[in-house]
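>
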Amino acid sequence: MQNGTMLQGFSWYLPADGKHWQHLAALAPELAHMGISAIWLPPAYKTVDGASGVGYGVYDLWDLGEFEQCGSRRTKYGTKEDYLFAIKQLQQLGIQVLVDVVLNQRFGGDECEQVPAFEVRS
Numbered sequence: 013m014q015n016g017t018m019l020q021g022f023s024w025y026l027p028a029d030g031k032h033w034q035h036l037a038a039l040a041p042e043l044a045h046m047g048i049s050a051i052w053l054p055p056a057y058k059t060v061d062g063a064s065g066v067g068y069g070v071y072d073l074w075d076l077g078e079f080e081q082c083g084s085r086r087t088k089y090g091t092k093e094d095y096l097f098a099i100k101q102l103q104q105l106g107i108q109v110l111v112d113v114v115l116n117q118r119f120g121g122d123e124c125e126q127v128p129a130f131e132v133r134s
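So the mapping is simple: our numbering equals the position in the sequence shown, first residue as 1, plus 12.
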């Protein structure tokens, strides 16, 4: 495909009802029919805000809505099972899935630790 069309598959203000992955899975045929060739998904992992965090206040990169942490099992967007199903539905219809993963933000540790820092002048 020469000139594909990518859709941002989320917005900051989505409801925190845990149904976004289900909604995208159901919407996949319509997106494919419209000519969407790629979709950008929000961060899927658990945030410090549990079921209401948008994905940028990282708590656990490995929890995609599978473990009871931060007050909920699911994330704002749904469960791990819903997420994987939505990706499968989109890919089966030829839609490339791009996921947003934020590796540099760590807001949600259970403990605090002292980390020494040294000024380096060059």
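Idealized CB from N, CA, C, for every residue including glycine. Every value quoted in this text rests on a predicted model; they were computed, and no experiment measured them.
When you compare the CB positions of Val109 and Ile51, do they come within less than 8 Å of one another, or not?
yes
> DSSP state of Asp94, grouped into three classes?
In the structure shown, Asp94 sits in a helix (DSSP, three-state: H, G or I).
> Span of the alpha helix (DSSP H) holding Leu43?
32 to 46
> Contact check, Tyr71 vs Lys58 under 8 Å by CB: the rounded distance?
Separation of the CB atoms of Tyr71 and Lys58 is rounded to 5 Å, and the pair is thereby assigned contact status at 8 Å.
> According to the neighbour-count rule (16 or more other Cβ atoms, all chains shown, within 10 Å of its Cβ), is Pro41 buried or exposed?
exposed
> To the nearest angstrom, how far is it from the Cα of Phe22 to the Cα of Val66?
Their backbone Cα atoms lie some 10 Å apart in a straight line.
> Within 10 angstroms of the Cβ of Arg86, are there 16 or more other Cβ atoms? Answer buried if so, exposed if not.
buried
> Pro27 to Tyr89, Cα distance in whole Å?
9 Å
> Looking only at its own chain, which residues have a Cβ that is under 6 Å from the Cβ of Ala56, when we skip the five neighbours before and after it?
If you ignore the 5 residues before and after Ala56, its C-beta comes within less than 6 Å of the C-beta of Leu76, Tyr95, all in its own chain and listed in chain order.
> Given that a residue counts as buried once 16 or more other Cβ atoms are within 10 Å of its Cβ, and exposed if not, what is Pro128?
exposed
> List the residues that DSSP assigns as beta-bridge partners of Gln108.
Ala50
> Is the beta carbon of Gly83 sitting closer than 8 Å to the one on Ala63?
yes
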